[in-house]
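Residues 8 to 284 (the numbering used here) are what the sequence shown spells out, left to right.
Glycine included, C-beta positions come from ideal geometry on N, C-alpha and C.
These notes are about the structure you will find just below.
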Amino acid sequence: AKKLSPQELLCELKKRAHVRTLDGKEPPFSNLGWEKYFPQTPLSLLYPRGLSSCAVVSSAGAILNSSLGAEIDAHDAVLRFNSAPTRNYERDVGNKTTMRIINSQILTNPIHHFTDSSLYKDIILVAWDPSPYYADLHMWYHKPDYNLFPPYERHRKMNPKQPFYILHPKFTWELWKIIQENSNEKIQPNPPSSGFIGILIMMSMCQKVHVYEYIPSYRQTDLCHYHEQYYDAACTLGAYHPLLYEKMLIQRINQGTEDSLLRMGKVTLPGFSSIQC
Ligand code: NCC
């Protein structure tokens, strides 16, 4: 296949990356009577007039000592991932959180204290589980990677007003296909990282999206997370997730300057509503 230009690639994403969450209308969820657990308002309608500028904050160690906090907090909405904290790191990562993308380990591993931790309160939550490629909803429901369904059900009953969604596996696998089709090499059939998923969700909700330290700045380091003393280069370059390939794709559609990328690890992307195809 011919290599798409940045504009063509943006249009391909706009055409195919339609955010989809479980709505309880499909089996097995319909049979289980789960329609009542999923939020009434679809994620795409939470901000009917759209958000103008949004920040996506990667959890990479390279964001330490960046002093990006004030810039990040100035956006209309800020997206963070999993258990990444803001407390004690405000100068570098800011303290505003509008939404969190959480993988199924957050809901199921007790070390994250999903039910009590303030990290997951008063914000929009979007959970996902790396279901096997092409698995249908029945197979996935009975054998998710980590069983997020019981804790999800409990949380919805306790906090029915909190917007809390589960991504439809078709959405994550469509993203994987787009990454594969636009890479030179054959990539492993593992889902994209929460980072890539989050960038695409924000592109569908915001006019402009600013992503921080997803593509590493000159501060690139083996420190996995800014909030943890753990070193592994695979956190940045990928092992399980096709991280390297997702990052190359995002770099191709970056509309920010080379200097912002180097100094701030900052990528600027147009939201889908701002591009004409
Ligand atoms: O590490 P994680 O990711 O929570 O990071 C969130 C997103 O930030 C970007 N990132 C992170 C570190 C780094 N050095 N460079 C980066 O670019 C990535 O885009 C990443 O997606 C995940 O994607 O959900 C992931 O979750 C962790 C882990 O499950 C959670 O942190 C909960 O503890 C995974 N690690 C393990 O399972 C051991 C990681 O592979 C992916």
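Looking at the structure shown, is P277 part of a helix, part of a strand, or coil, going by DSSP? strand
May I have the straight-line CA-CA distance separating F36 from A142, to the nearest angstrom? 15 Å
I'd like to confirm something about S138: is its beta-carbon nearer than 8 Å to some heavy atom of the ligand NCC, or not? no
Taking the beta strand (DSSP E) that Q236 belongs to, which residues open and close that run? Unbroken run through Q236: none, as it is neither H nor E.
I'd like the list of long-range same chain contacts for N102, defined as Cβ closer than 6 Å, with 5 residues on each side in sequence excluded. T93
Please list the segments of the alpha helix (DSSP H) lying wholly inside the segment 89–157, counting only runs of 4 or more residues, in order along the chain. 97–100, 111–115, 144–149
Could you tell me whether any non-hydrogen atom of the ligand NCC is closer than 8 Å to the CB of G68? yes
So, helix, strand or coil for F36, using DSSP? coil
Opposite R87 in the DSSP bridges: which residues? R107
Would N299 be called buried (16 or more neighbouring beta carbons within 10 Å of its own) or exposed? Examination of residue 299 is not possible in this model, given that the chain is present from 8 through 284 alone.
Count the other C-beta atoms from every protein chain shown that fall within 10 angstroms of the C-beta of C284, then say buried if there are 16 or more, exposed otherwise. exposed
Would you check if the distance between the CB atom of S200 and the CB atom of L250 is smaller than 9 Å? yes
Quick check: the Cα distance between R161 and T122, rounded to an integer number of angstroms? 9 Å
From the DSSP secondary-structure annotation, give me the bridge partner or partners of H232. A67
Where A1 falls: helix, strand or coil (DSSP): Absent from the structure is residue 1, since the part of the chain shown begins at 8 and ends at 284.
Under 8 Å: do the segment 191–208 and the segment 71–78 share three or more Cβ pairs, one atom per stretch? no
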